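Peer 1:
Numbering (the numbering used here), first residue to last: 625 to 1074.
Structure follows, in structure tokens:
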């Protein structure tokens, strides 16, 4: 009989850490990436897309929190889909989540390099991105409590800077600028802009990845999600609307550093405050960059611990109690993406993974309500079944829109999924039960025969 004991993570995270992780994971979406949506939809078209996606996230997070608190597992959607639908569904959800977080990291790294390049044109974007990857891999390996405390500090600075940004540019807002060319591509542009609207909130679900490291997770995880989402909705709408009214928005629709450029338009590029703002702007990007490395490594760790990835990736450092090999593996994927992709392509791939994961999670919620009615649910989805149904419908529409407007990237994404499923089936993994005391309910299935 195999030993059922698995490596355990320390429960040290408090509500303030969860708020910082939730906001920190996402807040880079307010600093760059969303403005690419203007280029395919216009200001009003993108506003409509953003409001639609905001509705999706509100209903999704309230529903997802039920899963997170009922099954506090580092695998997140992978664990929920496995428990609801079995090994293949778990694989699909795990693949989607890995793509979500592993590709969000290089996208943010590109933005970090671009911000530094804005500050000093002598700094190459790619080399700076690689440097940040290496530094923050080391920080995450050093310890989760230390890295979470760092997240609190960086996130507070990032939120403060966005509030300062809105305060500086708001007196220069002109409705005429915002309403010029409002929907140049019609309603088709609204659907094309959906992935860039998702970028405003993408990765907030990453709080689930540290569920096993939270003190009193059933009480504290809902607080982290709800406070974080409220903060992000306010910042996303404020930054997007105010920025669109200070100049011809088309000047900002293709940049990886729209906020420093906006400040430069308002104050002048030679103004010392413009450079200072761009420098401080690194905090928001660093907060998300750090958080996505944290979340993606926990997903790799959880899937490796369950036998879906090489077991070596589930090893925990004896000194730091962090999954060091999982962090390193995520860094390798990030390096490959940096050398082979562009910011918009990486964002779309990341969003595609997120949307598929949202769909699998909502399906899992519906199935578990029927399959396990007695499961302890410390936080039940409000307005069930309407909230998860709304989240599922909007996410499905978003996925089909992304496939329609990004066919080649979609082909790569789903081809990768098919290859992974084939390998999984050929290795017979679909016939093996996971020996995981958090994921499985009964002790009888915690031990398997080797």
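In this text, a Cβ means the ideal position worked out from N, Cα and C, and glycines have one as well.
Remember, it's a predicted structure, so these values are computed and weren't measured experimentally.
At which residue ranges does the region 713-777 contain complete alpha helix (DSSP H) runs of 4 or more residues, listed in the order of the chain?
Peer 2: The qualifying runs are 749-765.
Peer 1: Take the Cβ of residue 811 as the centre, count every other Cβ of all protein chains shown within 10 Å, and call the residue buried at 16 or more, exposed below.
Peer 2: Position 187 of the chain shown holds residue 811. Residue 811 should be labelled exposed.
Peer 1: If we call anything under 8 Å between Cβ atoms a contact, is residue 917 one with residue 951?
Peer 2: Taking the first residue of the chain shown as position 1, residue 917 is located at position 293. Taking the first residue of the chain shown as position 1, residue 951 is located at position 327. Yes, the Cβ-Cβ distance between residue 917 and residue 951 is below 8 Å.
Peer 1: Which residues in the same chain have their Cβ closer than 6 Å to the Cβ of residue 977, if we skip the five residues on either side of it in sequence?
Peer 2: Residue numbering aside, residue 977 sits at position 353 when the chain shown is read from its first letter. Cβ neighbours of residue 977 beyond the five flanking positions: 720, 723, 724.
Peer 1: By a C-beta neighbour count over all protein chains shown, 10 Å radius and 16 as the cutoff for buried, is residue 717 buried or exposed?
Peer 2: For the purposes of this step, residue 717 is taken as the residue at position 93 of the chain shown. Buried, by the Cβ-count rule.
Peer 1: Name, in chain order, the residues that DSSP records as bridge partners for residue 838.
Peer 2: The sequence position of residue 838 within the chain shown is 214, counting from 1. Answer is 637.
Peer 1: Can you tell me whether residue 789 is buried or exposed, with buried defined as 16 or more other CB within 10 angstroms of its CB?
Peer 2: Residue numbering aside, residue 789 sits at position 165 when the chain shown is read from its first letter. Residue 789 comes out buried.
Peer 1: How is residue 813 classed by DSSP in three states: helix, strand or coil?
Peer 2: Residue 813 sits at position 189 when you count from the first residue of the chain shown. Reduced to three states, the DSSP call for residue 813 is helix.
Peer 1: Going by the CB atoms, is the gap between residue 728 and residue 827 shorter than 8 Å?
Peer 2: Counting from one through the chain shown, the residue named residue 827 turns up at place 203. Counting from one through the chain shown, the residue named residue 728 turns up at place 104. Cβ atoms of residue 827 and residue 728: closer than 8 Å.
Peer 1: Starting from residue 1012, trace the alpha helix (DSSP H) in both directions and tell me its first and last residue.
Peer 2: Within the chain shown, the letter at position 388 stands for residue 1012. Per DSSP, residue 1012 belongs to the alpha helix (DSSP H) from 1010-1029.
Peer 1: Just the Cα atoms here: how many angstroms apart are residue 743 and residue 799?
Peer 2: As a working note, residue 743 is residue 119 in the chain shown. As a working note, residue 799 is residue 175 in the chain shown. Roughly 30 Å between the two C-alpha positions.
Peer 1: Start and end of the alpha helix (DSSP H) containing residue 923?
Peer 2: Locating residue 923 in the chain shown gives position 299, counting from the first residue. Run containing residue 923: 896-929, per the alpha helix (DSSP H) assignment.
Peer 1: Near residue 629, what residues of its chain come up, given a Cβ to Cβ distance below 6 Å and the 5 sequence neighbours on each side ignored?
Peer 2: Counted from its first residue, the chain shown places residue 629 at position 5. For residue 629, the pLDDT reaches just 41, beneath the cut-off of 50, and the residue's location in the model is therefore unreliable, although a value from the coordinates is still provided. Result list for residue 629: empty, nothing under 6 Å.
Peer 1: In angstroms with no decimal places, state the Cα-to-Cα distance between residue 803 and residue 786.
Peer 2: Numbered from its first residue, the chain shown carries residue 803 at position 179. Numbered from its first residue, the chain shown carries residue 786 at position 162. Their backbone Cα atoms lie some 23 Å apart in a straight line.
Peer 1: Are the beta-carbon atoms of residue 944 and residue 821 separated by less than 8 Å?
Peer 2: In the chain shown, residue 944 corresponds to position 320, counting from 1. In the chain shown, residue 821 corresponds to position 197, counting from 1. Contact flag unset, no.
Peer 1: Given a threshold of 16 other Cβ atoms within 10 Å of its Cβ, counted over all protein chains shown, does residue 837 qualify as buried or as exposed?
Peer 2: Position 213 of the chain shown, counted from the start, is the residue given in the question as residue 837. Buried, since its Cβ has 16 or more Cβ neighbours within 10 Å.
Peer 1: Between the Cα of residue 1009 and the Cα atoms of 1025, 999, 991, which residue gives the shortest distance?
Peer 2: Numbered from 1 along the chain shown, position 385 holds the residue referred to as residue 1009. Comparing Cα positions, the closest option is 991.
Peer 1: DSSP three-state call for residue 872: helix, strand or coil?
Peer 2: The residue given as residue 872 occupies position 248 in the chain shown. In this structure, residue 872 counts as coil in the three-state DSSP scheme.
Peer 1: Do you know whose CA, among 919, 1040, 1049, 1006, lies nearest residue 649's CA?
Peer 2: Residue 649 sits at position 25 when you count from the first residue of the chain shown. Measuring from the Cα of residue 649, the nearest candidate turns out to be 919.
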